[in-house]
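Colleague:
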Amino acid sequence: MGRTPSRGVPAAYRRLMRDDPRDPRLPTSPGFWRSPLRGPRFTSVLGLVLLAGITVLFVTGLLSYAAYNPNLSPVNDKTPDKGILGFYLFTWPTDPHWLYRLNQGVHVTLGITLIPVLLAKLWSVVPRLFALPPARSLTHALERISLLLLVGGGLFEFVTGVLNVQLDYVFPGSFYPLHFYGAWVFFAAFVAHAVLKAPTALRNLRRLREERNDLVSPRPAEPTVSRRGALWFVGGGSLLLFATTVGQNFGGPLRRTALLAPHGGAEPGSGPGGFQINKTAAYAGIDTAETAGDAWRLVVTGRTETVRLSRARLAGLPLHSSALPIACVEGWSTPDQWWRGVRLRDLAALVGYEDDPPDVFVESLQRRGAFRKAALRANQVADPRSLLALYVNGEELSPDHGYPARIIVPAAPGVLNTKWVVRMTFGDL
Amino acid sequence: MRAPRLPLGSPLHLLLLSCSFALAAYAGVRLLAGDWLGVALWVVGAALLHDLVLLPLYAAADRAVVSGFGAVRRREWAMYVRVPAALSGLLLLVWFPLISGTVERRYRSATGLPADVFLARWLLITAVLFGGSALLLAVRLLRLRRAAKCRPPAVH
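Read top to bottom, the protein sequences are chains A and B.
Residue 1 is where the first sequence starts when you use the working numbering, and the numbers rise one by one after that.
Residue 1001 is where the second sequence starts when you use the working numbering, and the numbers rise one by one after that.
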């Protein structure tokens, strides 16, 4: 090996080539890593918290995916080439009516709460990134490649999720396929990692005295905090994130505690329409001329006929009430609002489906948005609480909440509650 | 007697990792179906940025704080700076798009909510964190001083 360093090569690399890789000035040496906190127990505690937390994230994520009923219609399906990854899909229920609200609140709030644990876990094992030799066996080499999927895939899931809830769509593609397929890549590596490491982690915690491993620094610096103190610190970070986020799932004063969450703070406006809005009428490109009384007509098509209904005609049909929330995939929701409108199954009956409400294909006036067309399944149409709402909290819908008419279905993801509805086509999809 | 180590490693581990890679590849092909270069850069870049930029940066900042206090023989004060600084930094890291205002226009027009509140709230939380930390330090110093006064004079 040439001992004369060539120009332009970083000093650290020259040292690596020339000297012993155990030189404590190099990260390849265990002596480079001096924190007395690192060790099997610290990593094991964080690892087991993530094992439980990420499992919940994965399950709630899969449930949220199922809630869109992607197999019902191409318009609901942002991942048409999912193949066997959709093996578990099922008819999304309408009971309990807060199901999606709970599921998505847990998914997003827990994900945000776990960020400090994830960062601390990665910090605790970073010496292994530089460990030499790079591979001791074929299995070890594969395990290290798998760790790239684990760390890269995990960070990708957290980053895309955190950006999406803040409407910062800078990631390379549509959120749904990226977050869904990314989750499977990450989970594949996660399961392998958990199977390989969880037994060791459990053993580490059961032992009274800590075993030494490669994470323990051979020349630790003087401690500034105990290991227990460091864990409390990580927990404190999680608690702070939780406390400033969770409120966006509630109403009134609790929402104001969500100081940094996208749908925390005050409600948009006051009065009957003063609750959270996913996309405003202006954002969706709704022209008030199209929603005016003399221009807007709802076109309902079914087995026997097509009817065109003005808003006055709709309001003359039997009206029913239901108290239902708006729950968004972004992990915020409203408390139950009091909606009033025509039952979806009554509309189905109007066009020839008297006793057997089928699926329905709903189209909106909105110009943009991934779900300006959406499909609802027969069980959702049949539920007596599912409405084409005309009123909310005792008043006409506001333009931002979907005037002249909007869908509201129990337990459905927010975007399936189509606003500014113009066309409904009943029939098996 | 120990058997010589096989360069293959444990066959069970090998089987497990093969299954994991098979599933990852099945999903990965679909993940990369669109902008494959962009997605690959994001996945690999996320790991590299974290391990080679973010982590060294905050570790160096922490070391600077501790050694700075060490230089003035107040090493035990470091916690009163690093805890509020790390918590504030964590909030900034997670909510950067909202706090920095990079999504201000889209956020305001989509949600109908004011977008310029997040920077002020973050600064306020940061001020409370540092203020609370300073208060704790002051209480601790006061207690130490009182304890020193109450103690009977040392016998020389």
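Just so you know, even glycine gets a beta-carbon here, dropped at the ideal spot from N, CA and C.
1. Report yes or no: do three or more beta-carbon pairs, one from the segment 146–158 of chain A and one from the segment 1039–1056 of chain B, lie closer than 8 Å?
2. Could you check if arginine 3 of chain A is buried or exposed, using at least 16 other CB atoms within 10 Å of its CB as the buried criterion?
3. Shortest alpha-carbon distance to phenylalanine 90 of chain A belongs to which of A:Pro80, A:Ser64, A:His97?
4. Short check: CB of proline 30 of chain A to CB of serine 217 of chain A, under 8 Å?
5. Comparing alpha-carbon positions, which option in A:Ile112, A:Lys373, A:Asp400, A:Gly427 lies nearest serine 1109 of chain B?
6. Please identify the residue among A:Leu376, A:Leu259, A:Ala327, A:Leu365 whose C-alpha is closest to the C-alpha of alanine 414 of chain A.
7. Going straight from the alpha carbon of alanine 261 of chain A to that of leucine 1012 of chain B, what length do you get?
8. For serine 322 of chain A and proline 272 of chain A, what's the separation of their Cα atoms in angstroms?
9. Give me the Cβ distance between alanine 389 of chain A and alanine 405 of chain A, rounded to the nearest whole Å; I'm assuming they're in contact under 8 Å.
10. Considering only the alpha carbon of each residue, which of A:Gly402, A:Phe361, A:Asp356, A:Lys373 lies closest to aspartate 383 of chain A?
11. Can you pull the chain A neighbours of tryptophan 1042 of chain B, defined as C-beta to C-beta under 7 Å?
12. Quick one: is glycine 1131 of chain B near chain A, going by C-beta distance under 8 Å?
13. Is the Cβ-Cβ distance between glycine 302 of chain A and glycine 352 of chain A less than 8 Å?
14. Quick check on DSSP: helix, strand or coil for glutamate 396 of chain A?
15. Anything in chain B within Cβ reach of leucine 344 of chain A, meaning under 9 Å, just list it in chain order.
16. Rounding to the nearest angstrom, what Cα-Cα distance links leucine 167 of chain A and proline 199 of chain A in this structure?
17. Among all the DSSP beta bridges, which residues are the ones paired with arginine 308 of chain A?
18. Say whether the segment 243–251 of chain A touches the segment 355–370 of chain A, bearing in mind that this needs 3 or more beta-carbon pairs closer than 8 Å, one atom from each stretch.
19. To the nearest angstrom, how far is the alpha carbon of threonine 257 of chain A from that of valine 409 of chain A?
20. Count the other CB atoms within 10 Å of the CB of methionine 1 of chain A; is the residue buried (16 or more) or exposed (fewer)?
21. Taking 7 Å as the limit between beta carbons, can you name the residues of its chain near alanine 315 of chain A, skipping five residues before and five after?
22. Give the interface partners of glycine 1028 of chain B over in chain A, defined as CB-CB distance under 7 Å, in chain order.
23. Going by CA-CA distance only, name the one from A:Ser398, A:Val392, A:Phe361 that's closest to methionine 424 of chain A.
24. Chain B beta carbons: is any one of them nearer than 8 Å to that of phenylalanine 431 of chain A?
25. Is there a Cβ from chain A that is less than 8 Å from the Cβ of aspartate 1116 of chain B?
26. Buried or exposed for glutamate 267 of chain A, going by 16 or more other Cβ atoms inside 10 Å?
27. Helix, strand or coil: how does DSSP classify alanine 1134 of chain B here?
28. Using a Cβ cut-off of 7 Å, pull out every chain B residue sitting near isoleucine 54 of chain A, in sequence order please.
29. Can a CB atom of chain A be found closer than 8 Å to the CB of proline 1084 of chain B?
30. Specify, as a first and last residue, the run of the alpha helix (DSSP H) that arginine 374 of chain A falls within.
31. Give me the Cβ distance between alanine 1027 of chain B and tryptophan 92 of chain A, rounded to the nearest whole Å; I'm assuming they're in contact under 8 Å.
32. Report back the beta-carbon spacing between glycine 1101 of chain B and leucine 1119 of chain B to the nearest angstrom; my notes put them in contact at under 8 Å.
Modeller: Taking the definition as stated:
1. yes
2. Note that arginine 3 of chain A has pLDDT 42, beneath the 50 cutoff, so the model's placement of it is unreliable and no number is given.
3. A:Ser64
4. yes
5. A:Asp400
6. It should be noted that the sequence gives glycine, not alanine, for residue 414 of chain A. Per the Cα distances, A:Ala327.
7. 45 Å
8. 15 Å
9. 7 Å
10. A:Asp356
11. Phe156, Phe171, Pro172
12. no
13. yes
14. strand
15. In chain order: nothing, as chain B lies at least about 27 Å away.
16. One alpha carbon belongs to leucine 167 of chain A, the other to proline 199 of chain A, and they sit about 40 Å apart.
17. A:Val299
18. Contact between the segment 243–251 of chain A and the segment 355–370 of chain A is absent, because fewer than three Cβ pairs lie under 8 Å.
19. Each residue's alpha carbon lies about 28 Å from the other.
20. Legend: pLDDT at methionine 1 of chain A = 37, less than 50; position of this residue unreliable, value from coordinates given subsequently. That one is exposed.
21. When the five nearest sequence neighbours on each side are left out, the beta carbons in the same chain lying within less than 7 Å of the beta carbon of alanine 315 of chain A are those of Leu390, in order along the chain.
22. Val185
23. A:Phe361
24. Given a span of 1 to 429 for chain A in the structure shown, any question on residue 431 of chain A remains unanswerable.
25. no
26. buried
27. helix
28. Ordered by position in chain B, no residue passes the 7 Å Cβ test against isoleucine 54 of chain A, which lies about 15 Å from the chain.
29. no
30. Looking at the sequence itself, residue 374 of chain A is alanine, so the reference to arginine does not match. Premise fails: alanine 374 of chain A lies in the beta strand (DSSP E), 373–376, not in any alpha helix (DSSP H).
31. Rounded, the Cβ-Cβ distance is 22 Å, inconsistent with contact.
32. 7 Å
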